[in-house]
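The numbering of the sequence shown is UniProt numbering, which starts it at 1 and goes up by one. Backbone N, C-alpha and C define an ideal beta-carbon position, used for all residues, glycine too. These numbers come from a predicted model, not from an experiment. Take a look at the structure set out below.
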Amino acid sequence: MALGRYNRVDNNNNKSSSYCSTVTIVIFMGLCLVGIWMITSSWVVPVQNGDDPAEEKKNQLKDQVETVIVDSNDRDNKPQFEDKPNDLRKDGPEKNLDVSLAKDKGKANLAAEENQEKTEEAKWDKSKKDNQQFNSVGGEKNVYNSENLGGRGSENNNEKPHSIKDDKKSGSDYAEKKGDESTSRTYGDKVDKNDDKVSDKRSADQVKKKSSNEDSPKGDKVFDKSFVDQVKKSSNEVFPKGDKVDKNNDNGFDKSSDSQVKKSSNEDAPKGDKVFDKSFDDQAKKRSNEVFPKGDKVDKNNDNVFDKSSDSQVKKSSNEVFPSVAQSELLNETMIQNGSFTTQAAESNKEKNAESSSNSSSKDYSWKLCNSTAGPDFIPCLDNCEAIRNLPTNIHYEHRERHCPEVPPTCLVPLPEGYKFPIEWPKSRDKIWYKNVPHSKLVEFKGGQNWLKITGDYLTFPGGGTQFRRGALHYIDFIQKAVPDIAWGKRSRVILDVGCGVASFGGYLFERSVLAMSLAPKDEHEAQVQFALERGIPAVSAVMGTKRLPYPGTVFDIIHCARCRVPWHIEGGKLLLELNRLLRPGGFFLWSATPVYQLKAQDVEIWKAMIEQTKAMCWELVNKTSKEPINKVAIATFRKPTSNECYEQRSQQEPPLCPESDDPNAAWNVPLQTCMHKVPLDPSERGSKWPEEWPARLEKSPYWLLSSQVGVYGKAAPEDLAADNEHWKQVVTKSYMQGMGINWSSVRNVMDMKAVYGGFAAALKDMNLWVMNVIPVDSPDTLPIIYERGLFGIYHDWCESFSTYPRSYDLLHADHIFSRVKKRCNFVAVVAEVDRILRPGGKLIARDDVETITELENMVRSMHWEVRLSYSKDKEGLLCVQKSMWRPTEVETLTYAIA
């Protein structure tokens, strides 16, 4: 029988017997596997939720497992990182998850040790692939290239910033608040806090090793609940010392590759919750420091949260933004009152009717691109073609004056094609990008006078002008030699340059510690003021026409006119009388026009008329030079009297003295007057003495600021000024210089939109920049104090556009101005104006109440600006944002601006 059986096997003739043997072997192996599975399945109890059958559909989605920390010695320990139930998407599958759990009909079940190890290996491999795919497809993009600084594209519009809700909310408070919700998640699983067993020690060790070796600081890496002992360590690696947790991110993790986050957390953030936006390339980094050296990016207005650390950790983070300075002192504006200062609106009595306030409750803003004849150079109040067409006459340059539209524009001005970041100072004084100011008419018109030239991709400025073709510095020194009392940078600090051209005179005066307010009209000399601002030289678009210039009386140390084409001698010297209003008693008027040195009949006639006019005004002709050999021009220097003696001794009272009721400081929309104001004689009056020499005048309280006067903040005026000065020193030094991430070496043109005493500008005195101090017409009139300190500024109504070209300023500072303005102006139009005058890559620092800051932040986000810092405390907020290159595609045609 045995021999027969072996014969059958060897001969393979009986197929039925062979089949039975095969089946027997397969069944035996299957039973063994079932037995092994039954034994090993007792090690891990699957977590299930059978409360609601409707959860079965949700279990078919990719599961997101929260990071749970369970201490084996304390079963009641709360999770350190815990998601809110509504933080996870319920309406669709998650995308771009770093890790996919093994699924069995929507339920995450772990099997035997061998299967578990394989599963973990597969998960980590999948994580790497998903990260690579996200970085190449769905991740945050660099929208700036080497020549073009752009804003965030529409694909990034839904990305929300990270925030700290409140300094008092610690991680344990948050976990305690949400602890009752931790047992139910959208993925349908329950976390059994009493089950602290680990499925297998080798698996746990393996996961621990994976967590530390695979660098995963970003992203919600999904850990199985059976590895709870290892999760505590791995969660510290997932969120190393303050990395952001974006709970509203649909993808479940912060949009950045692991390598990017590792670099950010290890290199850029050595001291806490350093926050970086990776949307800039090398060129953008050159323009602004992407690293916040000692400050955190704290976003108060969004639902996203940081790692919920303890109160002390949050306090430490905020102290890095404002070290050693009380935050309430930095943020809160002391209650402003007019004190002893009237407002410019009251002085001028010419304010426009307040525009209806915009509806600030909506967070949806639809921006359009302005379509006007001026295109990228649009200045709303100077390019109102409809108003200019309807002027009855333009004999007094009315067509060059301000004519603001009844409804201010809310559209955004386009950029010139090929616009680039401006060249930094001091190189910008000598050359700028041609494509930033693509105008060549002035090159053709003034090329022979060394104003400017086209050199390849650049517009170059040899430093010349109509009256100083061989260079401005030689011309400046020639003036000093002719009139030693001028004492550039000491006695003479703030000057007005009328008809400035491309402002080379003012540009080179910086080397003599002199500030020049350069002005010129927007006329046929194409974009001359724009050239000046692009070079980093202060200038405004203005004309001496029918209205007073927007400056207070007796504030300029010197007024300069080098062939400025202003007919000073006509109509009783009306325009020269405006200079008399602006010039300090004892100040100089420098005139180097052709009537000074040419003998043509017309020039001789003008010179004779000027001598008669200045004599009637009691101006003294201090010096008239002969032609200097290099530039071949001569200069006449006149000085305004320091007493009223000459006025009283005139045989004819022409021009007459102004009545006492006429305020020389009233300058906003006030018609020119053909009269002269008396020289103040009372030692306590401004103008009776010359200010202290520079730089002492910056710190010393003006002699005419009396303790009996009440300052803006309620203290005695001298104390008020000193306190404001010290306040801004602290703010600038401790906050702006260290906590904003601003590369101050790239900042040149600065505007303080509500300057008060000029404390912000004074705190920046050692920086290689200049500050345009703006005093709103409805604010206390402190602009004379600013000039007395050796700074300069201008009056303005922020319900209207500023008299400057688009893209003029690198940084705007707005201290509690927006909350005041939006009460009587269209806030959207004001923000559109901010966008107009700020350069791409430029910064806006705004300090205001939380409501206003929130509204402002929503608006600038809708314009794709970068929020660099957003912080709030005690109902006060601080916001630092950076403008992008983004422009809308939809166009709005401004009919009044079409020629």
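Which of the three DSSP states is assigned to residue i in this structure?
i	result
HIS399	helix
VAL750	strand
TRP607	helix
PHE556	strand
residue 904	Residue 904 falls outside the range modelled here, since the chain spans only 1 to 899, and no answer is possible.
ALA616	helix
ASP477	helix
THR895	helix
CYS404	coil
VAL710	strand
ARG493	coil
GLU725	Sequence check: residue 725 is Asn here, not Glu. In the structure shown, ASN725 sits in a helix (DSSP, three-state: H, G or I).
GLY572	helix
TYR809	strand
Tell me which residue opens and which closes the beta strand (DSSP E) that residue i is part of.
i	result
SER872	866-873
LEU459	458-460
GLY793	793-796
PHE531	From DSSP, PHE531 is part of no beta strand (DSSP E) but of the alpha helix (DSSP H) over 528-535.
PRO840	838-849
CYS381	Where CYS381 is concerned, there is no enclosing beta strand (DSSP E), given that its DSSP letter is neither H nor E.
LEU769	It is not in any beta strand (DSSP E) - LEU769 carries neither H nor E in the DSSP assignment.
Suppose the cutoff is 7 Å on Cβ atoms and the five residues either side in sequence are ignored; what does the same chain contact list for residue i look like?
i	result
ASP10	Note that ASP10 has pLDDT 42, beneath the 50 cutoff, so the model's placement of it is unreliable and no number is given.
ASP720	GLY711, VAL712 and TYR713
ASP835	LEU412, MET863 and LYS883
VAL514	TRP488, GLY489, SER492, ARG493 and ILE495
VAL443	LEU452, LYS453 and ILE454
GLY768	Per the sequence shown, the amino acid found at residue 768 is Asn instead of Gly. Cβ within range, chain order: TRP425.
SER684	TRP704 and LEU706
THR625	ALA482, ALA634 and ILE635
GLY586	ARG639, LYS640, THR642 and TRP690
Hey, residue i and residue j: beta-carbon distance below 8 Å or not?
i	j	result
ARG847	HIS796	no
VAL543	GLU401	yes
THR466	LYS431	no
PHE588	PHE638	yes
LEU415	PRO376	yes
LEU576	GLN613	yes
LYS823	CYS880	no
SER548	VAL670	Looking at the sequence itself, residue 548 is Arg, so the reference to Ser does not match. Closer than 8 Å, so yes.
GLY501	ARG429	no
ALA814	MET753	yes
CYS658	CYS675	yes
HIS399	ASN384	no
GLU833	SER872	no
ILE837	PRO806	yes
What does a CB cutoff of less than 8 Å around residue i pick up in its chain, not counting 5 residues either side in sequence?
i	result
ILE786	ALA755, TYR757, GLY758, ALA761, ASN773, ILE775, PHE792 and GLY793
HIS396	GLY545 and THR546
ARG697	ARG493, PRO691, GLU788, ARG789 and GLY790
ARG887	LEU369, LEU412, PRO414 and LEU415
GLU654	GLY572 and ALA616
Am I right that residue i and residue j are in contact with their C-beta atoms under 8 Å? What's the rounded C-beta distance?
i	j	result
VAL750	VAL732	So it is not a contact: roughly 11 Å between Cβ atoms.
ALA482	ASN623	5 Å
THR554	PRO664	7 Å
SER803	LEU382	7 Å
TYR365	VAL828	7 Å
HIS560	PHE505	7 Å
LYS441	GLU534	Actually they do not touch by this definition, with Cβ atoms about 16 Å apart.
SER372	LEU894	5 Å
Between residue i and chain C, is the shortest Cβ-Cβ distance under 8 Å, so that the two count as touching?
i	result
ASN371	Reference to chain C is not applicable here, since this structure consists of a single protein chain.
May I ask which residues mark the beginning and end of the alpha helix (DSSP H) holding residue i?
i	result
CYS646	645-649
GLY507	504-509
ALA763	759-763
Can you name, in chain order, every residue of its own chain whose Cβ lies under 6 Å from the Cβ of residue i, other than the five neighbours on each side?
i	result
MET517	LEU496 and PHE792
SER687	The displayed chain sequence assigns Gly, not Ser, to residue 687. Once the five neighbours on either side are set aside, the close Cβ partners of GLY687 are THR554, PRO585 and PRO680.
ARG563	THR466, GLN467 and ALA593
TRP591	CYS561 and ALA636
ALA717	LEU705, GLN709 and GLY711
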